[in-house]
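Under the working numbering, the sequence shown is numbered contiguously, ending at residue 564.
The structure appears right after this line, and notes come after that.
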Amino acid sequence: METHALIAGGETFTTEFKRADINDKDLAKTAACLANGEGGVLLVGVDDDGTVVGAKPRHGRVTEPARVAAYIQANTEPALSVSVGLEVVDGHEIIRIDVPRADPGPVGTKLGVFTKRVIKSTGEPECAPMTAHEIVSMGMVTRGQDFAASTARDATLADLDPTEFNRFRRLCLGAGDELAGLSDQDVLRALGLVPISAPLSVGAVLLFGTEAAVQRWIPNTEVLFQDLRAGHQPTNLQIVEPLLRTAEHLHELIDARNTITELMAGLHRVEIPLIPSITRREAVANALVHRDYAAMGPIRLQLTDSSFVVASPGGFPPGVTTQNILDQSRPRSPILAAAFKRAGLVERRGKGVNDMFEQQLRAGRDAPDYSHSTSDSVVVTVPLGNADLDLVRFLLTWENEHQRPLSLDELRIVHDVKTSGSATSSEVAEELHLISATAKSSLGRLVESGILESRGVGRSRKYHLTARFYDLAQDRNAYVRVKGVDPLQQERMILDYASAYGSITRSQAAELCQTTPTQARSVLKRLVDDGRLRLTGERRGARYVPPG
């Protein structure tokens, strides 16, 4: 990005301004801080408010970029390679330092100072000290090391609970996994939890340990469950148990608070749960498997009147963001993920988040939201508001008739178009973070399938739900309104209605155009005289139909 634009944008998570006379040690410290975030640009000679004052020469009367880069590399551990250049902005010479993301990390100074880039509660960025837990956690993640594989020093088989092994075998039996028939020690070996002639791992304690063992070796293995809904008994439970037992415990707590809405779609009776079982399963499993067990703090599950929220310590694994979470699947702990898959507690294809999205949309509710996640925690908010039963009924009817389920992208697009009323291809792509070509091809298939209609041409073409949706929703007038026709063009509105539904009466025309029956009759008469409509029946049975 151009330096002028960076300065105009102010300090951000990836942009830092430093005073003209910053010393070398602080320069290395700041570069390491940016590297421990997402990387970024460090500009020396720019005040915090964006005023360009220029950088003082660092090597006699001049600044030598190569010497600045060499100093930073020599005074960071592991050595951080940066790109340094001089630029003239507003008549002042400044130093621009481009810092890559730490890989592997974290990066500290030779003096043992570790900081990371964070956003304060005020929205301003800063470099904050890293705790010992954060240093260990980031080091393991960026080096591809699994915390569950680390040694639980002095742990023995006596610290494991036979009941938890039986629980695992029972779950494996239900999932049809071959580990159901193995002994305790063979289970540990199969899961990579106790290599031959080696001590037990932390993962063995997490999955099969006694409560005392869990609290001793992984004391931050804590889950808080809260039911904060109005009119319900307030619940605030603290759970410190091995992971398989915790998962089943949380399933029971959520299922006991679940409700069902019944819906008729044609001849089919459909049950719509408040929290679908797949959503419950994946939200719980993701929190237990992907949380950062080197970080302090509990996993939190909250039920409110509007949402089901699950927050777990530790940010997304490297490469995963809120924008690509449907396309990327990178478990923080492959060992724990494999154990949960074999026990049937998580989707085996690694597409559990996709299944959560699909279940929410099929229930007529908004998709899960990860926007409250930070570098320190992953937060998923599952909306629990009233389901759009009209949309559920329409999609179920279509899928039953065509014997083809809609894909996740198609469901997301239909839901987005329904929410907005109508949308262009570019608007859909931007809202759903889809590649433009993907959005266009999916919209085209939905039009061909009779789920969406389009109007306009080129980039201004808009898509909306078909007349049949509004017919099933018993809101035919909304179809014509959402089509975007100018309300003053009453003739066009009446013709659209008659074309979509076969006929229109005078009272329907008056309601549609928001006019009096007398005014509607005048418009209808003009359309009949012009041959654009044909009158059938008399008096109360009179209807206006398209010619032919």
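For glycine and all other residues, C-beta sits at the position ideal for the given N, C-alpha and C.
Computed from a predicted structure; not experimentally measured.
In its chain, beyond the 5 residues on either side, ARG185, CYS188 and LEU189 have a beta carbon closer than 6 Å to the beta carbon of ALA196. With a threshold of 16 other beta carbon atoms within 10 Å, ARG428 meets it and is buried. When the alpha-carbon of GLU257 is set against those of THR277, ILE234 and GLN242, the nearest one is in ILE234. Partner residues in the beta bridge of LEU551, as assigned by DSSP, are TYR560. Straight across, the Cα-Cα distance linking LEU102 with THR440 is about 44 Å.
For the options GLU93, THR338, ARG112 and THR390, the alpha carbon positioned closest to that of ALA118 is the one of GLU93. ARG461 and LEU411 have their C-alpha atoms spaced approximately 15 Å apart.
As computed with DSSP, TYR479 is found in a beta bridge with ALA439 and SER470. Between the C-alpha atoms of ILE351 and VAL129 there is a straight-line separation of about 32 Å. In chain order, ALA36, GLY61, HIS108, GLU109 and ILE110 place their CB closer than 7 Å to the CB of GLY70, counting only its own chain and leaving out the 5 sequence neighbours on each side.
In the DSSP assignment, GLU109 is bridged to VAL104. Around LEU468, the same chain offers LEU462 and TYR479 as residues with beta carbons nearer than 6 Å, after the five sequence neighbours per side are excluded. Under DSSP, the beta-bridge partners assigned to LEU279 are VAL286.
Annotation: ASP425 to SER458 spans about 7 Å, alpha carbon to alpha carbon. Nearest Cα to GLU238 within the set THR277, PRO399, VAL286 and MET312: MET312.
Ranked by Cα distance from LEU240, the options PRO215, ARG232, GLY360 and ILE270 are led by ILE270. Under DSSP, VAL325 forms a beta bridge with GLN318 and THR397. In this structure LEU50 does not touch LYS34 by the C-beta definition: roughly 11 Å separates them, more than the 8 Å allowed. Assignment of beta-bridge partners to ALA144 by DSSP yields LYS132. Residue pairing by DSSP places LEU253 opposite PHE241 in a beta bridge.
Per DSSP, the unbroken alpha helix (DSSP H) holding GLY190 starts and ends at 178 to 191. Contact between GLY368 and ALA301 holds: their C-beta atoms lie close to 7 Å from each other, under 8 Å.
For LYS34, the enclosing beta strand (DSSP E) stretches over residues 31 to 34. Counting C-beta atoms within 10 angstroms of its own C-beta, SER452 has fewer than 16 neighbours from the protein chains shown and is therefore classed as exposed. Closest by C-alpha distance to TYR560, out of VAL539, SER519 and ARG542, is SER519.
Annotated as proximal: THR131 and CYS143, with beta-carbon spacing under 8 Å. Our two residues, ALA165 and GLY335, have alpha carbons roughly 22 Å apart in a direct line. Excluding residues up to 5 positions away in sequence, VAL68 lie with their Cβ nearer than 7 Å to the Cβ of ASP106 in the same chain.
In this structure, GLU287 and ILE276 form a Cβ contact; the two beta carbons are roughly 5 Å apart against a cut-off of 8 Å. Setting aside the 5 residues that flank it on each side, ASP308 is surrounded in the same chain by SER153, PRO329 and GLY330, each with a C-beta closer than 6 Å to its C-beta; the list follows chain order. The DSSP-derived three-state label of ILE351 is helix.
Under the three-state reduction of DSSP, SER538 is assigned to helix. Comparing alpha carbon positions, the residue from ALA383, ASP114, SER99 and SER515 closest to THR338 is ALA383.
Partner residues in the beta bridge of HIS75, as assigned by DSSP, are VAL78. The count of Cβ pairs closer than 8 Å, one atom from the segment 77 to 95 and one from the segment 168 to 176, stays below three, leaving the stretches out of contact.
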